[in-house]
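For what it's worth, the UniProt record's numbering labels the leading residue of the sequence shown as 1, then goes sequentially.
Using N, Cα and C, we set each Cβ at its ideal position, and we do this for glycine too.
In this text the structure is predicted, and so the values were computed from the model without any measurement.
Data block below; observations after.
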Amino acid sequence: MHELILGGARSGKSRLAERLAVESGLPVTYIATCQPRDQEMAERVARHSERRPAEWGLVEEPLALAQVLREQAAPGRCLLVDCLTLWLSNLLLSADSEHWLRERQQLFDCLPSLPGRLIMVSNETGLGVVPMGELSRRFVDESGWLHQQLAAHCDRVVVCIAGLPQTLKGEKV
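The structure is reproduced here in structure tokens:
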């Protein structure tokens with residue numbers, strides 16, 4: 001089963017994903033995409049780390065997500081990716097302007113054949129005003145297109161608002 005959980009900042013999306021991973025009863029590997037670039041982000045990462053069960057595996061990979069998914073996916077295993085928009089940001093900031101396009105395609109190429117359960121978390125950024133800067137507009141556009149493609153692929157898509165999950169596709173949470 002492949003799932004996409006979307007939501008804004010502090011919407012409850014990561015907590016929901018973590019709960020679903022625990023409830024799966026499967027061994028869990030948490031795939032973290034964040035590159036803490038300042039103290040505030042490092043503190044956020046620490047808070048996420050503290051609330052995860054100690055028995056969960058951890059892979060920190062800011063760029064090569066598809067490669068890690070192929071390496072870690074297995075029948076009877078749950079992978080939790082948090083979060084896709086940080087992964088997107090990392091790639092958009094790469095000196096190689098084509099890096100994002102290659103990594104995105106590799107992700108879509110590997111998804112159909114991944115065994116086990118996959119829970120992906122991402123920030124929904126397209127509900128506000130159109131950003132003023134070129135990079136910000138590209139980020140919002142790319143994340144929107146990524147979410148549309150992933151939603152088409154996933155068995156379940158959920159959006160979290162104020163800690164309340166709203167199922168958009170598939171079995172209700």
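Per DSSP, the bridge partner or partners of residue i
i	result
Gly7	Asn123 and Cys160
Thr29	Gly57 and Leu79
His2	Leu118
Residue i (DSSP reduced to helix, strand or coil)
i	result
Asp141	helix
Leu168	strand
Val129	coil
Ala152	helix
Val173	coil
Boundaries of the beta strand (DSSP E) in which residue i is found, first to last residue
i	result
Cys110	That residue, Cys110, is in no beta strand (DSSP E); its alpha helix (DSSP H) goes His99 to Cys110.
Unbroken alpha helix (DSSP H) run spanning residue i, endpoints
i	result
Ala42	Gln39 to Arg51
Ser14	Lys13 to Glu23
Ser94	From DSSP, Ser94 is part of no alpha helix (DSSP H); its letter is neither H nor E.
Gln72	Leu65 to Gln72
Straight-line gap, residue i to residue j (C-alpha atoms, nearest Å)
i	j	result
Asp155	Gln39	37 Å
Cys34	Leu114	22 Å
Arg117	Gly25	11 Å
residue 176	Ser122	One cannot answer for residue 176 here, as it falls past the ends of the chain, which runs 1 to 173.
Ser49	Arg77	20 Å
Leu91	Ala32	14 Å
Gly12	Asp96	33 Å
Member of the options whose CA lies at the smallest distance from the CA of residue i
i	options	result
Val59	Pro53, Glu124, Leu69 and Glu50	Leu69
Trp87	Ala162, Gly57 and His147	His147
Pro165	Leu101, Arg15 and Leu150	Arg15
Ala21	Leu168, Ile5 and Ser11	Ile5
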